[in-house]
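**Student:** A single structure is presented below for examination.
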């Protein structure tokens, strides 16, 4: 606060009907009230505690600020304020911490414990409240515990653990934002923020009487704020969106008055026996106050009933006493209607005035009515810094107010208030592609995301970088990583075969299928694809690559039996040779294979294509006239369907083919005669003498291995 004296306090109570400003000074434990200024709104700029016309309310605040500055000679820039309990929500939290038994508990330790409990509520506010557009505007300590036992004051004690239960109050963001907008227009910065019922309670109900089950009712113009105590602490807050304005509006309706005139009538009927006023048509009225009171009594009863219902819901029983503050508490018959609605003895309902507050010296002489209790409470909390404070931060040039929990705040705290739940702090990793290749899982990872770009006052920062009031944060959403992209060729490693087709060199790739369909290596790779890579290339694959439709090639299979074993062979309307050998369409190829193909050249199989010629008989070595000769064994024979055939014979369907080895009969002398170096015809007339192994022999004499044959031609004479 840019005041002439550092210990000066400026507090504002911005209510539905009026704005009250207080300048005070704290000396030791006593607060001296130096000056008070009150301004009523000229029009209904606020309803039920909610600011509706920011500019008009700002005018009232500026009026008070300038008036107090002029009278005091001070420059006011920081202010303590409170907001009404409209749409109030409360959340409780309880925490405990271990202690060193050797050290006594300090005041700072207790404060940090309280703030940690409030912080835990803030972290879970969305879950607890069910709505993100709420601000925490105040908190109260329900109780402190030492070693799990409730204790009045922790400071100075020793123990193993200390705990605290707190109750935090939340208001819709719009309520607080409108309050801050008004203060900005008046050139004021919030130094302390609280809730009106908290402020009133701290002023008018000292801790020593909070052991009683008390109800504090702050009856304003637009709202009736509620605070409840028992067992030494505040345990609940509430609010009823009805108050003095409902009574004023009824007077407006009954007597056709403008709101300000009706408000004046309402105030006078409790002070005068008769009241005079003029309606909007200019007609004069002079009425007995008691008659007007009877007229508004049902509305007063309705307000009392609404308050009683809310209190009984929170308290679950009739309280010991009700303490009234606020201008609405002066409404005629109000205490009597409260007594009826609870029910509660009338003697246990009463109004407390600012003069009953201890450690206060009112040098202004203006704190003399119950509507000054809440402004005084705000002043006391501002003097003691027991409310909440906000840092004004700019996020992407948008002003946000970050709740200062008297701890080091970081960039993340500001982003949360600015709506970080809708921002991206970390980029998503791009989706991966998972495929199966020949039964093996293969994963292609997506691109890593890029984190958010954060700058604090034009300097690179991170989420944990500490902030202070006035800082400017630049935040740029994180960028998601790109999803994985690939083609089949990126994961399928295959090499082409180099072959020749009808004399032309070419390359051919093994087949690849994706989800059962033929695929090109350049095709995009979809997620969860099942890829099959063929391990071989067949002759059929080559024909298909040459735009030859294998389905148009005629292939006829025939069955034959070779030596009683069945054999299937194909006869085709085309000629297909691989490396000079006849093959079928599904024959595998290798690198360097030479393929010869003729479409209209039928291929028929011959005996030699499927049958190996049988072995000949055993050779026999003999000696003819002392000269060695080898007689070849008889050749093997092939029979097809019982007929002797040669190797060039064509195969017919269902043929029965038998092969036999060369004969086993020994050769005879007749077979060796052709080996003689002379012609037998030339020896005609001579006598033929044949011996085999020294014995006489003839043409049919069998010859064994090593036989010694002698053939001579003798003269007959």
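In my numbering, the protein residues as written are 38 to 754. Note that beta-carbon positions come from the ideal geometry of N, C-alpha and C, so glycine has one too. What you are looking at is a predicted structure, and each value in this text was computed from that prediction instead of being measured.
1. Using the rule of at least 16 other Cβ atoms within 10 Å of the residue's Cβ for burial, across every protein chain shown, is residue 452 buried or exposed?
2. Do you know how far the Cα of residue 148 is from the Cα of residue 87?
3. Closer than 6 angstroms by C-beta to residue 58: which residues in its own chain qualify, once you throw out the five before and the five after it? Chain order, please.
4. Can you give me the Cβ contacts of residue 196 inside the same chain, cut-off strictly under 6 angstroms, excluding the 5 residues immediately before and after it?
5. With DSSP as the reference, identify every bridge partner of residue 402, one or two as the case may be.
6. If you draw a straight line from the C-alpha of residue 616 to the C-alpha of residue 631, how long is it?
7. Is residue 46 buried or exposed, if buried means 16 or more other CB atoms sit within 10 Å of its CB?
8. Out of 497, 446, 599, 553, state which residue places its alpha-carbon closest to the alpha-carbon of residue 156.
9. Could you check where the beta strand (DSSP E) with residue 2 kicks off and where it finishes?
10. Closest to residue 595 by C-alpha separation, out of 309, 324, 690, would be which residue?
11. Given residue 378, which residues of its chain have a CB within under 6 angstroms of its CB, disregarding the five upstream and five downstream residues?
12. Just the C-alpha distance for residue 353 and residue 265, rounded to the nearest angstrom, thanks.
13. Should residue 638 be counted as a contact of the ligand SAH given a C-beta to heavy atom distance under 8 angstroms?
14. Taking DSSP as the reference, what is the three-state secondary structure of residue 554?
15. Which two residues bound the contiguous alpha helix (DSSP H) that contains residue 337?
16. For residue 783, tell me which candidate among 510, 477, 489, 534 has the shortest Cα-Cα distance.
17. Just the Cα atoms here: how many angstroms apart are residue 400 and residue 308?
18. Taking only runs of the beta strand (DSSP E) that begin and end inside the region 38-84, which ones reach a length of at least 3 residues, in chain order?
19. Please state whether DSSP places residue 624 in a helix, a strand or coil.
20. Can the beta-carbon of residue 280 be found closer than 9 angstroms to that of residue 363?
21. From the DSSP output, in three-state form, read off residue 412 for me.
22. Residue 570 lies in the beta strand (DSSP E); which residues open and close that run?
23. Residue 112: buried (16+ other C-beta within 10 angstroms of its C-beta) or exposed?
24. Taking the beta carbon of residue 404 as the centre, do at least 16 other beta carbons fall within 10 Å, making it buried, or is it exposed?
25. In or out: residue 207 buried (at least 16 other Cβ within 10 Å) or exposed?
26. For residue 477 and residue 552, I'd like the C-alpha separation in whole angstroms.
27. In angstroms with no decimal places, state the Cα-to-Cα distance between residue 459 and residue 431.
28. Taking the alpha helix (DSSP H) that residue 371 falls in, what are its first and last residues?
29. Taking contact to mean at least 3 C-beta pairs separated by less than 8 angstroms, is the region 532-544 in contact with the region 618-635?
30. Taking 9 angstroms as the cut-off, decide whether the C-beta atoms of residue 676 and residue 697 are in contact.
31. Alpha carbons only, please: which of 209, 421, 519 is nearest the one belonging to residue 66?
32. Which of helix, strand or coil does DSSP assign to residue 267?
33. Taking the alpha-carbon positions, what's the residue 439 to residue 216 distance?
34. Nearest to residue 730 by alpha carbon, out of 736, 744, 91?
35. Alpha carbon to alpha carbon, what distance is there between residue 414 and residue 223?
36. Enumerated in chain order, which unbroken segments of the alpha helix (DSSP H) with a length of 4 residues or greater are wholly contained in the region 193-230?
**Tutor:** Let me lay it out:
1. In the assembly as shown, residue 452 is a buried residue. Its beta-carbon has 16 or more other beta-carbons within 10 Å.
2. Here the alpha carbons of residue 148 and residue 87 stand approximately 32 angstroms from one another.
3. 49, 74, 101, 105
4. Closer than 6 angstroms at the Cβ level, and outside the excluded window around residue 196, lie 136, 183, 184.
5. None, per the DSSP bridge assignment.
6. When only Cα atoms are considered, residue 616 and residue 631 end up about 5 angstroms apart.
7. buried
8. Ranking 497, 446, 599, 553 by Cα distance to residue 156 puts 446 first.
9. Not covered by the structure: residue 2. The range shown for the chain is 38 to 754.
10. It is 690.
11. 341, 342, 345
12. 11 angstroms
13. The ligand content of the structure shown is nil, which means the ligand SAH is not present either.
14. strand
15. 326-352
16. Missing from the structure shown is residue 783; the chain here goes from 38 to 754 and no further.
17. 27 angstroms
18. 45-51, 55-64, 67-77
19. coil
20. yes
21. In the structure shown, residue 412 sits in a helix (DSSP, three-state: H, G or I).
22. 567-570
23. exposed
24. Residue 404 comes out buried.
25. buried
26. 14 angstroms
27. In this prediction, residue 459 scores a pLDDT of 49, lower than 50, which makes its location untrustworthy; no coordinate-derived value is stated.
28. 371-378
29. yes
30. yes
31. Ranking 209, 421, 519 by CA distance to the CA of residue 66 puts 421 first.
32. strand
33. Going by the C-alpha atoms only, they are around 15 angstroms apart.
34. 744
35. 22 angstroms
36. 210-222
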